[in-house]
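Asker: Just so you know, we're using the numbering used here here: the sequence shown kicks off at 20 and counts up by one. Ideal placement from N, C-alpha and C gives every residue a C-beta, glycine not left out.
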Amino acid sequence: MSIILKIILAFMTGSFGFYYFSDVFRHRKMFSGKPWSGLLGTGFITNFFDTLGIGSFAQQTAIFKFFKLVDDRLIPGTMNAGNTIPTVTQAFIFMTVVEVDPITLITMSTAAPLGAILGAGMVSKMSRRKIQIGLGSGLLAVALIMIAGFLDWMPVGGEAIGLTGWKLALIVGMSFVFGALQTIGVGFYAPCMAMVYALGMHPLTAFPIMMTATGMLMAAGGARFVKQGAYDRKVAISLTIAGIFGVFLAAFVVKSLPLLILKWVVLCIVLYTSGWMFLSAAQRKHDSKVAVA
């Protein structure tokens with residue numbers, strides 16, 4: 020069954036890639052004078068950490084804004100178009116090297132894109148600040164449970180490669196929700212990691228699940244930005260080219276980590292994302308007060 024998923028993902032990515040590379044080639048004379056070294060370095064480093072589960076969007080946004088590499092209006096399209104192929108590369112690598120139950124992989128990977136399509140309208144009407152606070156609190160709670168497990172205060176985690184029954188239904192439903200939340204900028208990786216761990220699956224199984232789900236999301240949505248020309252082509256192609264190399268290097272690191280170290284990596288990512296959510300919510304409240312004043 021996972022072979023069918025790979026074929027679908029390959030077809031989606033191939034269609035996007037042809038459209039994307041053709042557009043970049045046609046407009047190559049319009050490239051800016053931004054140095055290739057900085058752009059390629061950004062693609063390599065951020066996709067390296069993305070493969071570790073930290074996510075690339077927050078890092079790239081900070082770099083683009085700090086160094087004024089991309090117009091704010093073009094940042095979403097640049098990241099979506101430029102990171103699609105590196106993310107799909109992650110998906111194929113982890114689907115190949117990490118054993119995961121096909122039913123769990125397929126249902127979760129399908130639920131996330133459906134959430135982005137069907138749930139986006141609902142989520143967009145909700146307060147982003149409240150969502151950030153709620154998700155930050157949920158991730159913090161999972162992190163505390165993980166710490167309790169490390170200290171042998173309570174049994175958590177496990178080595179299962181799949182789920183059944185109510186646990187499968189729950190995690191598929193949450194994948195749908197996380198997919199919807201991603202449309203407003205809330206990352207899929209950390210919540211997925213937290214749920215996988217909390218329900219007793221092996222931490223490594225989160226990687227093929229979250230990479231495949233995100234790859235399908237980006238392959239489906241990236242063409243929209245290309246069609247509208249709403250992206251910086253030179254920056255995007257730099258992310259794509261260098262990002263692939265960063266993915267391969269990081270994937271070798273992840274799959275060679277001992278289980279205990281991997282669990283600590285997951286804990287750090289969950290804590291990092293929880294803190295980021297709280298900081299984003301606090302910043303949003305501050306910006307609202309400034310706007311009112």
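Would you tell me roughly how many angstroms separate the C-alpha atoms of isoleucine 256 and tryptophan 185, rounded to the nearest one?
Answerer: 43 angstroms
Asker: Which residue wins for smallest C-alpha separation from alanine 301, given the options Gly248, Val272, Gly153, Thr32?
Answerer: Gly153
Asker: So the alpha helix (DSSP H) proline 105 belongs to, where does it begin and stop?
Answerer: 94-116
Asker: Give a yes or no on whether the C-beta atoms belonging to glycine 240 and asparagine 66 are separated by under 9 angstroms.
Answerer: no
Asker: Express the C-alpha separation of valine 284 and leucine 71 in angstroms, rounding to a whole number.
Answerer: Cα atoms of leucine 71 and valine 284: separation of roughly 8 angstroms, rounded to the nearest angstrom.
Asker: May I ask you to report which of helix, strand or coil DSSP gives valine 300?
Answerer: For clarity, residue 300 is alanine in the given sequence; the question names valine instead. Looking at alanine 300 - three-state DSSP - the assignment turns out to be helix.
Asker: Would you kindly work out how many angstroms separate the C-alpha atoms of glycine 60 and isoleucine 260, rounded to a whole number?
Answerer: 10 angstroms
Asker: Out of Ile166, Ala162, Leu200, which has the shortest C-alpha to C-alpha gap to lysine 149?
Answerer: For lysine 149, the nearest C-alpha among the options comes from Leu200.
Asker: Based on the DSSP output, what are the partners of methionine 220 in its beta bridges?
Answerer: Ala179
Asker: Over the uninterrupted alpha helix (DSSP H) stretch that includes arginine 47, give me the two end residues.
Answerer: Segment: none, arginine 47 is in no alpha helix (DSSP H) and carries neither H nor E.
Asker: How far does the alpha helix (DSSP H) with aspartate 69 in it reach, from first residue to last?
Answerer: It spans 55-70 - the alpha helix (DSSP H) in which aspartate 69 sits, taken as one unbroken run.
Asker: According to DSSP, is valine 311 helix, strand or coil?
Answerer: Residue confidence for valine 311 is low, a pLDDT of 48 falling below 50, so the modelled location carries little weight; the figure read from the coordinates is stated next. Valine 311: helix per DSSP, three-state reduction.
Asker: Going by the beta-carbon positions, is the gap between aspartate 251 and leucine 124 smaller than 9 angstroms?
Answerer: no
Asker: If you draw a straight line from the C-alpha of valine 215 to the C-alpha of threonine 106, how long is it?
Answerer: 20 angstroms
Asker: If you run the structure through DSSP and keep just helix, strand and coil, what is lysine 87?
Answerer: coil
Asker: If you check the beta carbons only, do phenylalanine 86 and glycine 57 fall under 9 angstroms apart?
Answerer: yes
Asker: What does the Cβ neighbour count give for valine 311, buried or exposed, with the cut at 16 atoms within 10 Å?
Answerer: With a pLDDT of only 48 at valine 311, under the threshold of 50, the placement of this residue in the model should not be trusted, and no figure is reported.
Asker: Below 8 angstroms, is the gap between the Cβ of methionine 165 and the nearest heavy atom of the ligand FAD?
Answerer: In the structure on display, the ligand FAD does not appear, and there are no ligands present to speak of.
Asker: Applying the 10 Å Cβ sphere with the 16-neighbour rule, what's the burial state of methionine 98?
Answerer: Buried: at least 16 other Cβ atoms inside 10 Å.
Asker: Does the distance from the CB of phenylalanine 113 to the CB of threonine 231 come in under 9 angstroms?
Answerer: yes
Asker: Please tell me whether isoleucine 136 and threonine 32 are closer than 9 angstroms, where the distance is taken between their beta carbons.
Answerer: no
Asker: Would you report the Cα separation of lysine 25 and alanine 162, rounded to the nearest angstrom?
Answerer: Between lysine 25 and alanine 162, the alpha-carbon positions lie close to 32 angstroms from each other.
Asker: Do serine 293 and leucine 159 have their CB atoms nearer than 9 angstroms?
Answerer: Yes, the pair counts as a contact, with Cβ atoms nearer than the cut-off.
Asker: Once you ignore the five residues that flank isoleucine 23 on each side, which residues in its own chain have a CB closer than 7 angstroms to its CB?
Answerer: none
Asker: What is the DSSP secondary structure of tyrosine 39, counted as helix, strand or coil?
Answerer: helix
Asker: Using 8 angstroms for Cβ pairs, my map puts leucine 236 next to alanine 131. What's the rounded Cβ distance?
Answerer: At roughly 6 angstroms, the Cβ-Cβ gap stays under 8 angstroms, so leucine 236 and alanine 131 are in contact.
Asker: Just to confirm my understanding: we take valine 119, look at its own chain, exclude 5 residues before and 5 after, and list those with CB closer than 6 angstroms. What are they?
Answerer: Ile180, Thr224, Pro227
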